[in-house]
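Below: one structure, written as structure tokens.
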């Protein structure tokens, strides 16, 4: 699914209006109907609802929602702010419609305003400002936003929490943004929804389909995409009935050290469950018996050192995944540098491989083009500097993927896949139960297995994060988010892939 900027969405709205021969007021009614349906499905007419409408089209949405709720027996208190005497044409039209109803609980604020008493038992619908906002909230709107947020009421924001920008909030003041419990957004999620620091403003969010023109959506270019099940299913290649293991790639996993054999086991098991033809694990001697016992399908190649990886020999027949549990021992760090200097094919780098590189950042420049690195937030900051928030990290990852010509998988609640061409793919499968030791090792095995099967690096990364998250969701259904382990995620990789391939 494409994700669009605020300007792109306005263009798609305009093209929808033109293509369907409707008015902007008709499209607003469509959006308001979707919001009203959500409200009606969640609350009874007896629920006290206070609606705040701004002077622009977001306010027009809110006024239309109010009218539709009144038609269904609700008695919302409606406040329209028109302090400058200028409403957008559609907002003005919806104000006039509401006035014609002679609805007593509607007030239009032109000068003074007394804030209604709001308690934790109330519902507030925030329709102050949506995509049209071009600067941070100021003056009385700042006070209003804070009052709404501090009221304890259940806050529903229409399209965007007022004060939050769809695209870039680097200079925004989050205390001045309405903090919603539920954001009902139209047609597409916005990029801002995927950054951790904005979560407190968004609450839960839901996309409402308002049937914007599909041709306009298709024609409008985008650099940001949400990974979806349909795209993953289409990308997974069917298996040839006459194939053998050599048709599905050879993967060399360099993992494990004294006390960290489990990382190598998890990575190998995940890779095998993701369909790679042959897995070989290079590990210290201390890992040999546990690996042979836990993963009998894998070949185990012993390092000459019994506790740490001291050598990594490149073999062009194998795709290499490097890092889970290998430690940052000097012997291992030297072996990683030596390997990278001779590697010519894309590799997957994770965990301690990245930590070793972080101690010698010049090694970033010798990572083979097309490689995939899979840092979590702290590993990313060790590699590229300290960042204040996810949005800053996003910008830096975009720059570095282009500069180094590699794929960066920035792991998190929403994992981002940054491609060298500047496109970013966002994954929304997964759950908090996956915040457990070894989960990242499982992801490394999945991505590496796909790369070994000759999927493009960017495709292997995008498919990998989706499969990993879906496996985590299945594990959470079976074991609960509190109790699931990385081993449970591995066990659910096969059901996840089966689910993708078999369901429409």
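In my numbering, the protein residues as written are 6 to 509. The beta-carbon is built from N, C-alpha and C at its ideal position, and this holds for glycine as well.
Within 8 Å, strictly: CB atoms of residue i and residue j
i, j, result
"residue 144", "residue 56", "no"
"residue 9", "residue 193", "yes"
"residue 453", "residue 340", "no"
"residue 431", "residue 217", "no"
"residue 67", "residue 163", "yes"
"residue 319", "residue 305", "no"
"residue 33", "residue 95", "yes"
"residue 505", "residue 444", "no"
"residue 58", "residue 84", "yes"
"residue 489", "residue 480", "yes"
"residue 77", "residue 45", "yes"
"residue 63", "residue 134", "yes"
"residue 98", "residue 128", "no"
"residue 420", "residue 498", "no"
"residue 38", "residue 92", "no"
"residue 60", "residue 87", "yes"
"residue 253", "residue 282", "yes"
"residue 402", "residue 411", "no"
8 Å contact criterion, which residue i and residue j should meet: CB distance rounded
i, j, result
"residue 327", "residue 353", "7 Å"
"residue 468", "residue 456", "No, residue 468 and residue 456 are not in contact; Cβ-Cβ is about 10 Å, not under 8 Å."
"residue 207", "residue 198", "6 Å"
"residue 486", "residue 437", "5 Å"
"residue 357", "residue 379", "With 8 Å as the limit, residue 357 and residue 379 do not qualify as a contact, their Cβ atoms being about 12 Å apart."
"residue 377", "residue 346", "With a Cβ gap of about 19 Å, residue 377 and residue 346 do not count as contacting."
"residue 406", "residue 364", "Going by Cβ atoms, the distance from residue 406 to residue 364 rounds to 21 Å, so no, they are not a contact pair."
"residue 222", "residue 7", "7 Å"
"residue 329", "residue 446", "4 Å"
"residue 169", "residue 203", "6 Å"
"residue 439", "residue 492", "At roughly 12 Å, the Cβ-Cβ gap does not stay under 8 Å, so residue 439 and residue 492 are not in contact."
"residue 368", "residue 342", "6 Å"
Residue i classed as buried or exposed, judged by whether at least 16 other C-beta atoms fall within 10 angstroms
i, result
"residue 229", "buried"
"residue 393", "exposed"
"residue 24", "exposed"
"residue 462", "buried"
"residue 247", "exposed"
"residue 184", "buried"
"residue 71", "buried"
"residue 195", "buried"
"residue 214", "exposed"
"residue 458", "buried"
"residue 120", "exposed"
"residue 211", "exposed"
"residue 416", "buried"
"residue 408", "exposed"
"residue 395", "buried"
"residue 278", "buried"
"residue 496", "buried"
"residue 51", "exposed"
"residue 261", "buried"
Of the residues the options, the one placed nearest residue i, counting alpha carbons only
i, options, result
"residue 442", "337, 267, 209 and 455", "267"
"residue 336", "46, 361 and 349", "361"
"residue 399", "94, 250, 428 and 295", "428"
"residue 255", "325, 495 and 173", "325"
"residue 141", "175, 158 and 416", "175"
"residue 383", "376, 377 and 391", "391"
"residue 125", "78, 186 and 180", "186"
"residue 435", "448, 262 and 424", "448"
"residue 240", "12, 465, 11 and 488", "465"
"residue 291", "333, 368, 299 and 308", "308"
"residue 242", "348, 259 and 280", "280"
"residue 137", "13, 209, 201 and 114", "13"
"residue 285", "310, 263 and 259", "259"
"residue 263", "344, 101, 315 and 408", "315"
"residue 257", "450, 191, 396 and 470", "450"
"residue 36", "91, 439, 346 and 21", "21"
"residue 48", "79, 61 and 86", "79"
"residue 171", "11, 81, 245 and 93", "11"
"residue 130", "249, 150 and 300", "150"
"residue 373", "112, 359, 226 and 349", "349"
"residue 311", "303, 331 and 321", "331"
"residue 472", "235, 351 and 413", "235"
"residue 299", "313, 321 and 273", "273"
"residue 351", "366, 333, 321 and 334", "321"
"residue 265", "313, 123 and 251", "313"
"residue 433", "418, 424, 201 and 482", "418"
Flag this pair as touching only if the stretch 257 to 273 and the stretch 293 to 305 have three or more C-beta atom pairs under 8 Å; answer yes or no.
-> yes
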